[in-house]
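In what follows, a single structure is set out as structure tokens and then discussed.
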Amino acid sequence: MQLQVIQTKIYEVRGQKVMLDYDIAELYEVETRILNQAVKRNIDIFPQDFMFQITSKEWQDMSSQIVMTSVNKRPKTALPLVFTEHGVTMLANILKSKKARQTSIAIVRAFIALKQFALTNTELNNKLKELEKTYNKQFKDVYEAINYLLQKDKQETSQKERKQIGYKTK
């Protein structure tokens, strides 16, 4: 299973990276209702930080930002469950097929790849800011010298243009 395909199904809700129940069901090749029934039968292993149901507002916000799937996958009246990385791992415990285990591994790898990308991106951003600060400090003196010379040039020009007063000497 391609990591890129899985990564396109990872969204951010409430500041957490999550996957929607119907996307996971599609990856596991089961119906969404079967996945949700299995979760409800084992609700004790899905605390709020592993799985939660999104609100109508969150669902509307997501619907406007992403291309939504057909009504067959998600009726408009039913709000989806979302699973964090840990929730996806727990799904492998309740869906015991070989496909479920393989899919869980692939999904966890996708979450890990996203985390690594975010860390790398943050490190690069910090290094760029550090370089910017360093070089701005070094070039501050150069900028001041150029401004001084420009100001000096303007002053000399205005001095020459001034009409002298007093006695003229030859």
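Residues 6 to 175 (my numbering) make up the sequence shown, in order. Where is the CB? At the ideal position from N, CA and C, for every residue including glycine.
Whole-angstrom distance between residue j and residue i, CA atom to CA atom
i	j	result
Leu40	Thr139	54 Å
Asn152	Asp146	10 Å
Gln156	Thr127	41 Å
Met24	Phe55	11 Å
Ile110	Lys14	15 Å
Leu136	Asn130	10 Å
Phe57	Tyr16	14 Å
Own chain residues within Cβ distance below 6 Å of residue i, not counting five before or after
i	result
Thr37	Asp26, Tyr27, Ala30
Gln21	Thr89
Sequence-distant residues of the same chain with beta carbon closer than 8 Å to residue i, five excluded per side
i	result
Trp64	Leu84, Pro85
Residues of its chain near residue i, where Cβ-Cβ distance is below 7 Å and the 5 sequence neighbours each way are ignored
i	result
Val113	Glu90, Val93, Thr94
Ile59	Val18, Leu84, Pro85, Val87
Phe51	Val44, Gly92, Met95
Lys104	Tyr33, Glu34
Beta-bridge partners of residue i, as assigned by DSSP
i	result
Leu25	Val87
Glu36	Its beta-bridge partners do not exist; DSSP assigns none.
Ile15	Met24
Spatially closest choice to residue i from the options, by CA coordinates
i	options	result
Leu8	Gln42, Phe57, Leu119	Leu119
So within the region 43-125, which uninterrupted alpha helix (DSSP H) runs reach at least 4 residues, ignoring any that extend past its ends? 61-70, 90-99
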